[in-house]
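Accompanying notes for the structure given below.
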Amino acid sequence: MRAYYYDNSDKDQREQHDSGEAVSIEQLEALGVEYRKFTGSDEENLAAVEKLCQERSYKNRDEIKISPSLLPNYEEKIKTFFTEHIHEDEEIRFILEGAGYFDVRDVLDKWVRIFVEKGDLLVVPAGIYHRFTLDTSNYIRAMRLFKEDPKWTPINRPLADNNELRIQYLRKVANGSFGIEAPRSMPTGQRNVVRSNDSASLWNCTLSPGWTQEEVQVLRKALLKFGIGNWMKIIESECLPGKTIAQMNLQTQRMLGQQSTAEFNGLHIDALQIGEINSKRQGPDIKRKNNCIVNTGGKLTREQVEQRRMAHKSKYEVSADVWSRIDLPKPENPFLLLEKKREELQSLKSELEDLRARMSAIEQKDSHSGTKRPRE
């Protein structure tokens with residue numbers, strides 16, 4: 053297995069697309085992606101996989117072979133596999149022959165490419181955006197492990213943005229449930245646990261500081277300009293450097309005053325206006341968690357969600373003439389500034405080490421010649 057950031061070039065999806073920036077196993081684990089390597093004989097490997105199945109309560113398995121001769125409409129199918137999507141169950145693949153690539157989104161929505169080959173076992177968590185392709189060998193044989201009723205129907209982006217399993221995944225990332233370290237500014241001990249009220253943001257992510265009032269107002273304008281849930285456009289605008297999709301999604305819930313955002317998906321609305329309305333809603337059926345209204349009834353059908361969305365569009369959405377003229381700030385990225393300072397510090401350290409080495413050489417030369425230089 054080898055993981056690295058995808059280079060986003062226009063080459064065929066089966067090429068390596070190696071940006072040269074490696075990604076560690078620890079970074080993958082922080083995203084909920086698990087990896088194991090089996091190097092024994094086929095019998096030993098299968099025994100190890102069987103043990104894993106018992107640990108994770110996976111009772112069923114099957115094998116899948118993919119190649120141009122085995123899969124009708126091969127070129128069309130592998131493009132379908134390469135469409136960004138989530139599953140509502142974790143995806144476990146043990147590679148028996150051949151090779152391929154799993155691409156997963158990191159916390160900044162960048163693609164991480166994971167090369168897998170014989171002996172590699174990969175666990176892709178439910179709710180993470182990912183895609184798959186074979187490599188240029190155009191052949192793979194893999195074992196799929198699953199429970200009785202696997203939910204492998206792909207839910208493509210952006211339809212999956214407000215899927216409950218997607219939201220749960222984002223919360224796990226935000227809360228450090230996948231092993232992300234707590235902020236270095238936090239002292240060790242019991243406090244070294246991220247809680248929902250550790251900052252002004254809801255379920256604050258360990259990878260970025262909490263929200264300021266100025267940042268909330270920028271997010272408000274960005275949601276008006278790009279629409280609720282259009283996180284990629286907001287990231288590309290660079291108006292909120294360092295903020296992750298998880299943070300923006302959860303902060304939007306707080307602004308709207310409700311946990312479910314599906315009925316506003318794609319709408320150019322003022323989130324704080326909806327939040328003001330929700331804050332005044334009362335009644336026995338209104339339940340709140342962290343000041344956000346939660347759904348206590350049955351799950352709405354897609355048709356019901358769409359009906360609500362169209363009603364909100366008619367009542368609250370601003371005109372294109374208004375949202376298209378919204379200007380967003382473009383502050384300097386604090387992480388880039390920090391990296392620049394680190395580079396400057398490293399340069400100063402190198403200069404200091406070089407100066408010390410030169411002084412040491414001069415002192416050694418003087419000691420051998422018996423000369424003493426006056427100290428200033």
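The numbering of the sequence shown is my numbering, which starts it at 53 and goes up by one. C-beta: ideal position from N, C-alpha, C; glycine also.
1. At a cut of 8 Å, does the segment 175-187 reach the segment 62-70 through at least three beta carbon pairs?
2. For the segment 291-376, list the beta strand (DSSP E) runs that are entirely contained and at least 3 residues long, ordered along the chain.
3. Can you give me the Cβ contacts of K162 inside the same chain, cut-off strictly under 8 Å, excluding the 5 residues immediately before and after it?
4. If you follow the alpha helix (DSSP H) that S121 is part of, which residue opens it and which one closes it?
5. What residues in its chain sit with their C-beta under 7 Å from that of C344, if we drop five residues either side in the sequence?
6. With the cut-off set at 7 Å, would you say I166 and F154 are in Cβ contact?
7. For T185, would you say it is in contact with chain D, using Cβ-to-Cβ distances shorter than 7 Å as the test?
8. Is there contact between the segment 317-333 and the segment 279-296, where contact requires at least three CB pairs shorter than 8 Å?
9. Could you tell me which residues DSSP pairs with M195 in its beta bridges?
10. Assuming M195 and R113 form a contact by the criterion Cβ under 8 Å, report the distance between their Cβ atoms to the nearest whole angstrom.
11. Going by CA-CA distance only, name the one from F133, R193, A226 and Q303 that's closest to N208.
12. Residues in the same chain with beta-carbon distance under 6 Å from R218, minus the five sequence neighbours each way, listed in chain order, please.
13. Applying the 10 Å Cβ sphere with the 16-neighbour rule, what's the burial state of Q242?
14. State the DSSP-derived secondary structure class of R272, mapped to helix, strand or coil.
15. What are the start and end residues of the beta strand (DSSP E) that includes D70?
16. Helix, strand or coil for Y221, going by three-state DSSP, please let me know.
17. Can you tell which of E96, V159 and L83 has its C-alpha closest to the C-alpha of P177?
18. Starting from the C-beta of I297, find all residues in its chain whose C-beta is less than 6 Å away, skip the five residues before and the five after it, and write them out in chain order.
19. My guess is that V164 and A55 are in contact by the Cβ rule of under 8 Å, so how many angstroms apart are they, rounded?
20. Could you spell out the range, first to last residue, of the alpha helix (DSSP H) harbouring E107?
21. Counting only the same chain and skipping the five closest in sequence on each side, list residues whose C-beta sits under 7 Å from that of L380.
22. Let me check understanding here. Comparing Cα to Cα, which of G171, K401, E267 and V85 lies closest to A100?
23. Taking all protein chains shown into account, do 16 or more other C-beta atoms lie within 10 angstroms of the C-beta of K339, making it buried, or fewer, making it exposed?
24. Taking the C-alpha atoms as reference points, what is the distance between F198 and E127?
25. Decide if H420 is buried, meaning its Cβ has at least 16 other Cβ atoms within 10 Å, or exposed.
According to the structure data:
1. yes
2. 339-341 and 344-346
3. Taking the sequence shown and counting its residues from 1, one reaches residue 162 at position 110. Counting only Cβ-Cβ distances below 8 Å, and skipping sequence neighbours, we find Y57 and Y58.
4. In the sequence shown, counting from the first residue as 1, residue 121 sits at position 69. That residue, S121, is in no alpha helix (DSSP H); it is neither H nor E in DSSP.
5. The residue labelled residue 344 in the question sits at position 292 within the sequence shown. Closer than 7 Å at Cβ, skipping near neighbours: Q305, R306, G309, Q310 and Q311.
6. Your numbering for residue 166 matches position 114 in the sequence shown. Your numbering for residue 154 matches position 102 in the sequence shown. In this structure, F154 lies closer than 7 Å to I166 by Cβ.
7. Absence of chain D from the displayed structure is noted, only one protein chain being present.
8. yes
9. Taking the first residue of the sequence shown as position 1, residue 195 is located at position 143. According to DSSP, M195 bridges with E115 and F146.
10. On the sequence shown, position 143 is the one that residue 195 refers to. On the sequence shown, position 61 is the one that residue 113 refers to. Correct: roughly 6 Å between the Cβ atoms.
11. Counting from one through the sequence shown, the residue named residue 208 turns up at place 156. The residue with the shortest Cα to Cα distance from N208 is F133.
12. By one-based count along the sequence shown, residue 218 stands at place 166. If we look at R218 and ignore the five residues flanking it on each side, its Cβ neighbours are I138, G179 and A212.
13. Here residue 242 corresponds to residue number 190 of the sequence shown, with the count starting at 1. Confidence at Q242 is low in this model, with a pLDDT of 33, below 50, so its placement is unreliable and no value can be given for it.
14. Position 220 of the sequence shown holds residue 272. Helix.
15. Your numbering for residue 70 matches position 18 in the sequence shown. Run containing D70: D70 to A74, per the beta strand (DSSP E) assignment.
16. Residue numbering aside, residue 221 sits at position 169 when the sequence shown is read from its first letter. Y221: helix per DSSP, three-state reduction.
17. Looking up residue 177 in the sequence shown gives position 125. If we check each option's Cα against that of P177, L83 comes out closest.
18. By 1-based counting over the sequence shown, the position of residue 297 is 245. Answer for I297: D161 and W283, listed in chain order.
19. On the sequence shown, residue 164 is found 112 positions in, with the first residue counted as 1. On the sequence shown, residue 55 is found 3 positions in, with the first residue counted as 1. Between A55 and V164 the Cβ distance is about 6 Å, and since that is below 8 Å, they are a contact.
20. One-based indexing of the sequence shown puts residue 107 at position 55. Counting along the chain, the alpha helix (DSSP H) containing E107 begins and ends at D94 to E107.
21. As a working mapping, residue 380 is identified with position 328 in the sequence shown. Answer for L380: V270, K273, A274, K277, S289 and C291, listed in chain order.
22. Residue mapping note: residue 100 aligns to position 48 of the sequence shown, counting from 1. Among G171, K401, E267 and V85, the Cα nearest to that of A100 is on G171.
23. Residue mapping note: residue 339 aligns to position 287 of the sequence shown, counting from 1. Answer is exposed; the Cβ neighbour count stays below 16.
24. Translated into positions along the sequence shown, residue 198 becomes position 146. Translated into positions along the sequence shown, residue 127 becomes position 75. Looking at the two C-alpha atoms, the distance is approximately 27 Å.
25. Reading the sequence shown from its first residue, position 368 is the one you call residue 420. Under this definition H420 is an exposed residue.
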